[in-house]
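S.K.: Residue numbers (the working numbering), protein chains in the order written: chain A, 9 to 211; chain Y, 9 to 211.
2 protein chains.
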Amino acid sequence: MTDTRGSARRGRRPGDSGTREAILDAARGRFSSEGFRSATVRAIAGDAGVDPSLVMHFFGTKQALFVAAMEFPINPADVVPHIVGPGIDGLGERLVRFLLGLVDELGEANPMLGLVRSAVGHPDAARMMREFLGEAILDRVAAAIEADRPRLRADLCASQIVGILMARQILALPELAAADRETLVGVYGRTIQRYLTEPLDPR
Amino acid sequence: MTDTRGSARRGRRPGDSGTREAILDAARGRFSSEGFRSATVRAIAGDAGVDPSLVMHFFGTKQALFVAAMEFPINPADVVPHIVGPGIDGLGERLVRFLLGLVDELGEANPMLGLVRSAVGHPDAARMMREFLGEAILDRVAAAIEADRPRLRADLCASQIVGILMARQILALPELAAADRETLVGVYGRTIQRYLTEPLDPR
DNA sequence: TCCTGATCTCAACGTCTGTTGAATCCGAGT
DNA sequence: ACTCGGATTCAACAGACGTTGAGATCAGGA
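Here it is as structure tokens:
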């Protein structure tokens, strides 16, 4: 009721607005929970309490909004050394613990989920996800260890990490979603550790 | 040029038609490569060389077409005993070898890919995938082994299996897509085997 | 031979989509 | 005080979507 002049008004609102950030937040939420195709500009604008054309005014295109919204909230270059630093021992566990913590912390508006949900049937998003996983994280990890075929090892890790996201957050497999985090850290940590270090030859 | 009377004609075509199967094939292809939302009835009808309303005539609804098209081409009850039968030794490898063989064999029109691609942002498809993976396959495997927390073990296996599909077929991680199949059977087989048999307690 | 019912197309509907253009409003710099 | 330009909304477009209803055509049984 602080709005003195009826319902919707045109033109600029008083104050600093912060509307652009509100749109980005709404976009993160929608893209993360519905993927690129199903998330609509109108719904995002609605969540942000704003007209759809304002979204276009700021970002020009739904695609550009997606790229802006899926920017990762933390810089892998900052955090990966912190994980790799202590050495090979327990590296798998540290990676998994970091991932699960990040997922719980980010909740609904998780760019990783948005990328996974959009990669499906949207090659551009698949490329974004591939590049993020590969160049930003796994290549750094693979470079830190000393083993043969580092890129295949990175892909193996990626396949289990993406599988964790799919199974826990998207398919919501019940026992997996309910499992104690440290149990998962132990089990998946050993898997990642093996992918990084064990011999890869068949038999 | 066997069509003697001009271009498009109404009414029933001569012969046994087999059109229903053609529509199902086209639907499998589209749903598998684009997911439920992005695949359109019009495109499916176009692939089958048919009018969109004929699709509705046969299946009533896009949703019903999806369910019909994603029916699994093999019966898990037939094949799972064949995989589990030889015993615990090498069970993980046999499962992975079967999965990878199936993926290569089915190619483009793979219901598993369709379900994965649709599960994302489409809770009904997620439930279908969950039920298929769980009840049709993993519960049978989990029941065959003797270990604690069989359902959690089944979910762990599912997370790696879904991750393989995502990483190889959808994200198309290059080294993973190019890797020798028996190498993957060895590496992933050990993972599945561990998920089925190793102790799960943290630490 | 005629009738019935399944197969098939055409045209259209209402809705939702991303995007555009013009019009308004207002804070800030001069 | 006066402009300038960014912020914001409204109204509308053109295209795609799933779905519908009516009609045409033909195969097969009576």
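No residue lacks a Cβ here, since even glycine has one placed at the ideal position from N, Cα and C.
1. Pick out whichever of Arg36(A), Glu113(A), Ile52(A) and Leu208(A) has its Cα sitting closest to the Cα of Ala6(A).
2. Report yes or no: is there a C-beta of chain A within less than 8 Å of the C-beta of Ala117(Y)?
3. Tell me, to the nearest whole angstrom, how far the beta carbon of Ala76(Y) is from that of Leu32(Y); I am working on the premise that it is less than 8 Å.
4. Where does His90(Y) sit, in a helix, a strand or coil, going by DSSP?
5. Measure the beta-carbon distance from Tyr196(A) to Gln168(A) and round it to whole angstroms, keeping in mind my assumption that it falls under 8 Å.
6. Would Ile172(Y) pass as an interface residue toward chain A - the criterion being a Cβ-Cβ separation below 8 Å?
7. Please state if the CB of Val128(A) and the CB of Arg125(Y) are separated by a distance shorter than 8 Å.
8. In whole angstroms, give me the CA-to-CA distance for Ala152(A) and Gln201(A).
9. Can you tell which of Val92(A), His90(A), Pro84(A) and Ala133(A) has its C-alpha closest to the C-alpha of Leu73(A)?
10. Taking 8 Å as the cut-off, does the region 138-152 of chain Y touch the region 41-57 of chain Y (at least 3 CB pairs, one atom from each stretch)?
11. For Arg138(Y), does the count of other Cβ atoms within 10 angstroms reach 16, so buried, or fall short, so exposed?
12. What residues from chain A crowd round Arg50(Y), counting only those whose CB sits closer than 8 Å?
13. If you measure from the beta carbon of Val128(Y) to each beta carbon in chain A, is any gap under 8 Å?
14. Helix, strand or coil, according to DSSP, for Phe67(A) in the structure here?
15. Rounded to the nearest angstrom, what separates Met120(A) and Met174(A) at their Cα positions?
16. Mind checking if Asp147(Y) is an interface residue toward chain A, Cβ cutoff 8 Å exclusive?
17. I need the straight-line Cα distance from Ser15(Y) to Gly26(Y), nearest angstrom please.
18. Taking 8 Å as the threshold (beta carbon to beta carbon), is Leu181(A) in contact with chain Y?
19. Taking only the alpha-carbon atoms, compute the straight-line gap between Ala166(A) and Ser46(A) and give it to the nearest angstrom.
20. Looking at Arg159(A) and Glu190(Y), is the spacing between their C-beta atoms short of 8 Å?
21. Indicate whether at least one CB of chain A lies closer than 8 Å to the CB of Met137(Y).
22. To be precise: take each residue of the region 23-42 of chain A, compare its Cβ to all Cβ atoms of chain Y, and keep it if any distance is under 8 Å. Which residues remain?
M.R.: The structure says:
1. Lying before the first or after the last residue shown, residue 6(A) is absent from chain A, which here runs from 9 to 211.
2. On the second sequence, residue 117(Y) is found 109 positions in, with the first residue counted as 1. Under the Cβ distance rule, Ala117(Y) does not count among the residues neighbouring chain A, no pair being separated by less than 8 Å.
3. Within the second sequence, residue 76(Y) is the residue found at index 68, counting from 1. Within the second sequence, residue 32(Y) is the residue found at index 24, counting from 1. Ala76(Y) to Leu32(Y), Cβ: 6 Å. Contact.
4. For the purposes of this step, residue 90(Y) is taken as the residue at position 82 of the second sequence. The three-state secondary structure of His90(Y), taken from DSSP, is helix.
5. Along the first sequence, read from residue 1 onward, the residue named residue 196(A) stands at position 188. Along the first sequence, read from residue 1 onward, the residue named residue 168(A) stands at position 160. Contact between Tyr196(A) and Gln168(A) holds: CB atoms are separated by about 7 Å, below the 8 Å threshold.
6. On the second sequence, position 164 is the one that residue 172(Y) refers to. Chain A, which has a Cβ nearer than 8 Å to the Cβ of Ile172(Y), makes this yes.
7. Taking the second sequence and counting its residues from 1, the one referred to as residue 125(Y) is at position 117. Taking the first sequence and counting its residues from 1, the one referred to as residue 128(A) is at position 120. Going by C-beta atoms, Arg125(Y) is nearer than 8 Å to Val128(A).
8. Counted from its first residue, the first sequence places residue 152(A) at position 144. Counted from its first residue, the first sequence places residue 201(A) at position 193. Taking the straight line joining both Cα atoms gives about 13 Å.
9. By one-based count along the first sequence, residue 73(A) stands at place 65. If we check each option's Cα against that of Leu73(A), Ala133(A) comes out closest.
10. No, the region 41-57 of chain Y does not touch the region 138-152 of chain Y.
11. The sequence position of residue 138(Y) within the second sequence is 130, counting from 1. Arg138(Y) is classed as buried because its beta carbon has at least 16 other beta carbons within 10 Å across all chains shown.
12. As a working mapping, residue 50(Y) is identified with position 42 in the second sequence. Ordered by position in chain A, no residue passes the 8 Å Cβ test against Arg50(Y), which lies about 16 Å from the chain.
13. Taking the first residue of the second sequence as position 1, residue 128(Y) is located at position 120. Cβ-Cβ to chain A under 8 Å: yes for Val128(Y).
14. Within the first sequence, the letter at position 59 stands for residue 67(A). If DSSP states are grouped into helix, strand and coil, Phe67(A) belongs with the helices.
15. The residue given as residue 120(A) occupies position 112 in the first sequence. The residue given as residue 174(A) occupies position 166 in the first sequence. So the alpha carbons of these two residues sit roughly 11 Å apart.
16. Locating residue 147(Y) in the second sequence gives position 139, counting from the first residue. Chain A contact via Cβ: absent.
17. For this step, residue 15(Y) is matched to residue 7 along the second sequence. For this step, residue 26(Y) is matched to residue 18 along the second sequence. Since pLDDT at Ser15(Y) reaches only 36, below the 50 mark, its modelled position is unreliable, and the value read off the structure follows with that caveat. Cα to Cα, Ser15(Y) sits roughly 20 Å from Gly26(Y).
18. Residue 181(A) sits at position 173 when you count from the first residue of the first sequence. Residue contact check for Leu181(A) against chain Y: a CB pair falls below 8 Å.
19. For the purposes of this step, residue 166(A) is identified with residue 158 of the first sequence, where counting begins at 1. For the purposes of this step, residue 46(A) is identified with residue 38 of the first sequence, where counting begins at 1. Near 25 Å, if we compare the C-alpha coordinates of Ser46(A) and Ala166(A).
20. Taking the first residue of the second sequence as 1, we reach residue 190(Y) at position 182. Taking the first residue of the first sequence as 1, we reach residue 159(A) at position 151. No, these two residues do not count as a Cβ contact at 8 Å.
21. Taking the first residue of the second sequence as 1, we reach residue 137(Y) at position 129. Output row for Met137(Y): interface = yes.
22. For the region 23-42 of chain A, the set of residues with a beta-carbon nearer than 8 Å to any beta-carbon of chain Y comprises Ser41 and Glu42, in chain order.
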